[in-house]
Amino acid sequence: MVSGRFKSLLVAGFSVFLLFISGAIRAQEKRTEKPSVEKPAFDANEVIFGHVLDAYEFHFFAYKTKDGKEHSVGIPLPVILYSPQRGWDVFMSSRFEHGEAAYKGYKSLGNKIIAVTENGVPDPQVRVYDISLTRNVVQMILALALLVFIMIKIAGKYKTGIGMTSAPTGFQNAVEPVIAFIRDEVAIPNLGDKYQKYLPYLLTVFFFILINNIFGLVPGLANVTGNIAFTAVLGVISFIVINVSGNKHYWGHIFNPPVPAGINVLMVLVEIISIFTKPFALIIRLFANMLAGHIIIICLVSLIFIFGGIGRGIGWGFSPVSIAFSVFIFLIEILIIFIQAYIFTNLTAVFIGAAIENPPGHSGGGHDDAVIL
């Protein structure tokens with residue numbers, strides 16, 4: 091909670107600061123006789139949104155040669171398009187030359203591919219279905235492959251008796267305490283006797299979010315967990331698991347809450363809304379926290395170039411301050427990636443536990459004191 095408030099304070103401070111700087115720059119432009127039409131040396135918006143949004147390549151850095159041409163270093167990804175008018179087209183995103191060129195009647199416009207005519211004008215009569223392997227998709231596939239690989243390797247060791255009849259070895263030493271923690275501190279307290287039924291799902295969610303969080307801290311890779319579509323899919327899956335698991339007591343409490351008849355209709359409406367607010371809370375919490383951290387770090391680094399645009403000496407003078415704060419926020423992010431994976435998993439277990447609990451005095455799986463956060 092403290093780190094979240096600290097993030098919010100930093101975002102607000104940087105917003106006011108950038109607003110002040112932009113106003114000063116506009117004032118300077120008004121004093122000039124001939125406004126410049128050249129592209130600014132550094133575009134903070136392009137850098138920030140280029141990092142947090144999806145893209146058709148993994149972009150690492152760019153450099154300029156002696157002739158003044160800018161070259162980007164990255165990994166292009168496959169573009170897969172289908173159009174009822176043109177059929178299927180598959181090619182690499184490098185064909186677009188970073189949005190400067192059209193290829194096979196298509197052009198990259200920001201984070202969207204549109205159909206164009208021979209003159210390069212958008213063609214609204216051509217419908218395009220984009221199923222390309224963007225960097226978010228590729229990174230999720232890599233994270234899933236890594237998760238499966240790690241778990242298969244560890245399971246193979248347990249089958250041979252390593253970790254059962256002898257001490258665990260290698261990476262098994264790092265993963266086993268985490269599995270035990272999720273089982274003992276998340277699954278059992280919230281799910282009671284039925285924890286084994288839901289433990290595989292909880293472990294999968296935790297490790298999948300954690301691996302993608304870790305990937306997001308690597309420069310050049312995608313911030314997948316800071317994408318609302320990613321967290322929305324996880325929230326929908328949890329929504330299905332929670333409500334499919336609900337017992338008669340759970341649904342009876344929703345459609346026939348134990349309240350006076352006068353407010354029964356109102357409470358039924360409130361309870362129905364609560365069915366959707368639970369996964370919504372999971373979606374927004376993970377998305378907002380992972381997105382905010384990345385934006386703050388990029389803003390801090392961008393301040394070096396913003397001040398450098400005002401004066402080279404000012405840029406160099408502010409560099410130590412910006413780097414120090416960036417490292418500080420980055421260290422906080424390392425802690426947050428574990429906390430957010432834990433919170434999403436724990437809240438999912440809490441909501442499932444509330445759906446499968448039995449009323450006091452009845453025996454069965456689930457606990458009797460689930461608390462919905």
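Residue numbering for the sequence shown follows the working numbering, beginning at 91 and increasing consecutively. All C-beta atoms in this analysis are idealised placements derived from N, C-alpha and C, irrespective of residue type, glycine included.
With a cut-off of 8 angstroms, do at least 3 Cβ pairs link the segment 396 to 405 to the segment 279 to 295? no
In angstroms with no decimal places, state the Cα-to-Cα distance between Pro125 and Gly407. The residue labelled residue 125 in the question sits at position 35 within the sequence shown. The residue labelled residue 407 in the question sits at position 317 within the sequence shown. Caution is warranted here: a pLDDT of 46 is assigned to Pro125, below 50, making its placement in the model unreliable, and no coordinate value can be reported.
In the DSSP assignment, find the unbroken alpha helix (DSSP H) run with Ile365 in it and report its ends. The residue you call residue 365 lines up with position 275 of the sequence shown. Here the alpha helix (DSSP H) through Ile365 covers 354 to 400.
Run the CB neighbour count on His384, radius 10 Å, all protein chains shown included, and call it buried at 16 or more, exposed below. Walking along the sequence shown from the start, residue 384 turns up at place 294. With 16 or more other Cβ atoms within 10 Å, it is buried.
Is there contact between the segment 368 to 388 and the segment 311 to 319, where contact requires at least three CB pairs shorter than 8 angstroms? yes
Measure from the alpha carbon of Ser173 to the alpha carbon of each residue in Val216, Val238, Ile244, Phe151, then state which is nearest. Looking up residue 173 in the sequence shown gives position 83. Per the Cα distances, Val216.
Around the Cβ of Phe107, are there at least 16 other Cβ atoms within 10 angstroms (buried) or fewer (exposed)? Here the question's residue 107 lines up with position 17 in the sequence shown. Because Phe107 sits at a pLDDT of 41, beneath the cut-off of 50, its placement in the model cannot be relied upon, and the following sentence gives the value as read from the coordinates. Result: exposed.
Measuring alpha carbon to alpha carbon, tell me which of Gly253, Ile442, Asn209, Ser183 ends up nearest Tyr340. Sequence index remark: in the sequence shown, residue 340 carries index 250 (1-based). For the residues Gly253, Ile442, Asn209, Ser183, the minimum Cα distance to Tyr340 belongs to Ile442.
Pull up the DSSP beta-bridge partners for Tyr219, would you. As a position in the sequence shown, residue 219 is number 129, starting the count at 1. Looking at the DSSP assignment, Tyr219 forms a beta bridge with Tyr172.
Could you check if Ile231 is buried or exposed, using at least 16 other CB atoms within 10 Å of its CB as the buried criterion? Taking the first residue of the sequence shown as position 1, residue 231 is located at position 141. Exposed.
Can you say whether Glu147 is buried or exposed, counting buried as having 16 or more other CB atoms within 10 angstroms of its CB? The residue given as residue 147 occupies position 57 in the sequence shown. Buried, since its Cβ has 16 or more Cβ neighbours within 10 Å.
Report yes if the CB atom of Pro168 is closer than 8 angstroms to the CB atom of Ser222, and no otherwise. Numbered from 1 along the sequence shown, position 78 holds the residue referred to as residue 168. Numbered from 1 along the sequence shown, position 132 holds the residue referred to as residue 222. Taking 8 angstroms as the Cβ cut-off, Pro168 and Ser222 qualify as a contacting pair.
6 angstroms CB neighbourhood of Lys194 in its chain, flanking five on each side removed: Indexing the sequence shown from 1 puts residue 194 at position 104. Cβ within range, chain order: Asp179.
Pair within 8 angstroms by beta-carbon distance, Ile468 and Phe298: Past the edges of the chain, shown from 91 to 463, lies residue 468, and the structure says nothing about it.
Quick one: Cα of Ile433 to Cα of Ala264, how far? For this step, residue 433 is matched to residue 343 along the sequence shown. For this step, residue 264 is matched to residue 174 along the sequence shown. Rounded to the nearest angstrom, the two C-alpha atoms are 20 angstroms apart.
Between which two residues does the alpha helix (DSSP H) harbouring Ala264 extend? As a position in the sequence shown, residue 264 is number 174, starting the count at 1. Residues 262 to 271.
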